[in-house]
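If you want it as structure tokens, here you go:
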């Protein structure tokens, strides 16, 4: 268990970081910037992104580079919080596992698309976290196929997970199967760590945070596959994460059988998620899914006195802020009106 001192120190630091988040007036300013460079200048000069953007020439920065630096700030905040973690509590390292798995899924996606190593992808990797990861990022980026990637992953838990999906010579890996296997491992490991280190209300609240994440990943999968009419309900259900879920198998089956994404969301609105879906307006379905996680995390962030709950909530809110910034940057780049961009912001 964490010591009381460590617990208090982490929660105090989290609240201080949360106090520096982007506020409504910051989003208003960003929404009315005319260029990506203008948005970069505002983030650099007026927000907590000033340090990570300190070396940026805002009139020359590319949209992709700016988005990468915004992501880097989340990793920097995570590293600062790890400095307060004492003892052998492994719960806090779930973020590293998430980074590793996302990195591997992106890599497998290249192989699945028939692409070899791209040197420029190295720049998008979180190399500043490399000493904390269980595999080497540069050799991974240079691996030309799935087999070479497995060699890089030797002596890690990922090699055992992915080896069954090694494709035959000349064939491409099954990205969907690999992604499902990796995410299943992630959640199984995460819930095991929560059970190992926590009891009582803290365990209950952590389970709620991550069960919500798992359930909404399944909802997103259903919605995505519903857009492609050739997927049968059985095929959709086969791509869902194994259920630690609080929702019934009947409800998942009904959502998979729903004729359209909007119909699936209406079925979800009859569940415990109904309190997050009062307006029943499913025009922006992805927004609705993200909004549920945002409001749950904000509620925990506001009232918790538990460091792990504050930590988990804060990391969700950091990622939502990143998504908001990316939506604004993309909107500016493609000359979308501020009013339309604002509809996509999670607040």
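Residue numbers (the numbering used here): 723 to 1069. Even glycine gets a Cβ: it sits at the ideal position worked out from N, Cα and C.
Open item on the list: Here's a check: name, in chain order, each residue in its chain whose Cβ is nearer than 6 Å to the Cβ of residue 903, leaving out the five neighbours to either side.
Closed with: 883
- [ ] Take the Cβ of residue 671 as the centre, count every other Cβ of all protein chains shown within 10 Å, and call the residue buried at 16 or more, exposed below.
- [x] This structure cannot speak to residue 671, because the chain is shown only from 723 to 1069.
Open item on the list: Looking only at its chain, what residues have a beta carbon closer than 7 Å to the beta carbon of residue 871, apart from the 5 residues adjacent to it on each side?
Closed with: Correct list, in chain order: 829, 862, 865.
Task: Buried/exposed call for residue 1025, threshold 16 Cβ in 10 Å - done: It counts as exposed.
Task: Other residues of its chain near residue 792: CB distance less than 6 Å, five sequence neighbours each side excluded - done: For residue 792, where only same-chain residues beyond five positions count, the Cβ hits under 6 Å are 1044, 1047.
TODO: Leaving out five residues on either side along the sequence, give the residues of the same chain with a beta carbon under 7 Å from the beta carbon of residue 760.
DONE: none
- [ ] Take the Cβ of residue 858 as the centre, count every other Cβ of all protein chains shown within 10 Å, and call the residue buried at 16 or more, exposed below.
- [x] exposed
TODO: Compute the distance between the beta-carbons of residue 947 and residue 1011, then report whether it is under 9 Å.
DONE: No, Cβ-Cβ distance for residue 947 and residue 1011 is not below 9 Å.
Task: Which of helix, strand or coil DSSP assigns to residue 1041 - done: helix
Open item on the list: Counting C-beta neighbours from all protein chains within 10 Å, is the total for residue 757 16 or more, i.e. buried, or is it exposed?
Closed with: exposed
Task: residue 910 - DSSP class collapsed to helix/strand/coil - done: helix
Open item on the list: With a threshold of 8 Å (Cβ to nearest heavy atom), would residue 1068 be considered close to the ligand HEM?
Closed with: Within the structure as shown, the ligand HEM is missing, as the structure has no ligands at all.
Open item on the list: Quick check on this structure: which residue in 799, 924, 801, 959 has the alpha carbon closest to the alpha carbon of residue 972?
Closed with: 959
- [ ] Quick one: using the 10 Å Cβ neighbour count with 16 as the cut-off for buried, is residue 922 buried or exposed?
- [x] The residue is exposed, with fewer than 16 neighbouring Cβ atoms inside 10 Å.
TODO: Pick helix, strand or coil for residue 812, following the three-state DSSP scheme.
DONE: coil
Open item on the list: Taking a contact to mean a Cβ-Cβ separation below 9 Å, would you say residue 796 touches residue 1037 in this structure?
Closed with: yes
- [ ] Classify residue 1015 as buried or exposed, calling it buried when 16 or more other Cβ atoms lie within 10 Å of its own Cβ.
- [x] Looking at its Cβ environment, which holds 16 or more other Cβ atoms inside 10 Å, residue 1015 is buried.
TODO: Using a Cβ cut-off of 9 Å (strictly closer), state whether residue 743 contacts chain C.
DONE: Going by chain labels, chain C is absent from the structure shown, which holds only one protein chain.
Open item on the list: For residue 978, count the other beta carbons within 10 Å of its own beta carbon; 16 or more makes it buried, fewer makes it exposed. Which is it?
Closed with: Buried, because 16 or more other Cβ atoms sit within 10 Å of the Cβ of residue 978.
Open item on the list: Quick check on residue 842: does DSSP put it in helix, strand or coil?
Closed with: In this prediction, residue 842 has a pLDDT of 48, which is less than 50 and means its spatial position is unreliable; nothing more can be read from the coordinates.
Open item on the list: Tell me which residue opens and which closes the alpha helix (DSSP H) that residue 923 is part of.
Closed with: 922-948
Open item on the list: Counting C-beta neighbours from all protein chains within 10 Å, is the total for residue 1032 16 or more, i.e. buried, or is it exposed?
Closed with: Burial call: buried.
TODO: Counting only the same chain and skipping the five closest in sequence on each side, list residues whose C-beta sits under 7 Å from that of residue 789.
DONE: 1048, 1051
Open item on the list: Comparing C-alpha positions only, which one of 749, 733, 729, 735 sits nearest to residue 1042?
Closed with: 749
Task: Member of 969, 775, 911 whose CA lies at the smallest distance from the CA of residue 993 - done: The candidate whose alpha carbon is nearest that of residue 993 is 969.
Open item on the list: Buried or exposed for residue 873, going by 16 or more other Cβ atoms inside 10 Å?
Closed with: exposed
Task: Boundaries (first-last residue) of the alpha helix (DSSP H) holding residue 1008 - done: 1007-1025
Task: Residues near residue 768 in its chain [Cβ-Cβ closer than 8 Å; skip 5 each side] - done: So the list reads 748, 751, once near-sequence residues are dropped.
TODO: Counting only the same chain and skipping the five closest in sequence on each side, list residues whose C-beta sits under 8 Å from that of residue 961.
DONE: Answer for residue 961: 898, 902, 943, 947, listed in chain order.
Open item on the list: Rounded to whole angstroms, what is the Cα-Cα separation between residue 801 and residue 763?
Closed with: 25 Å
Task: Assigned secondary structure, residue 858 (DSSP; H/G/I helix, E/B strand, else coil) - done: The answer is coil: DSSP assigns residue 858 none of H, G, I, E or B.
- [ ] Under 8 Å Cβ to Cβ from residue 932, same chain only, skipping five residues before and after it: list those, please.
- [x] 909, 912, 913, 916, 1034
- [ ] Kindly indicate which three-state DSSP category residue 765 falls into: helix, strand or coil?
- [x] helix
TODO: Return helix, strand or coil for residue 1054, following the three-state DSSP convention.
DONE: helix
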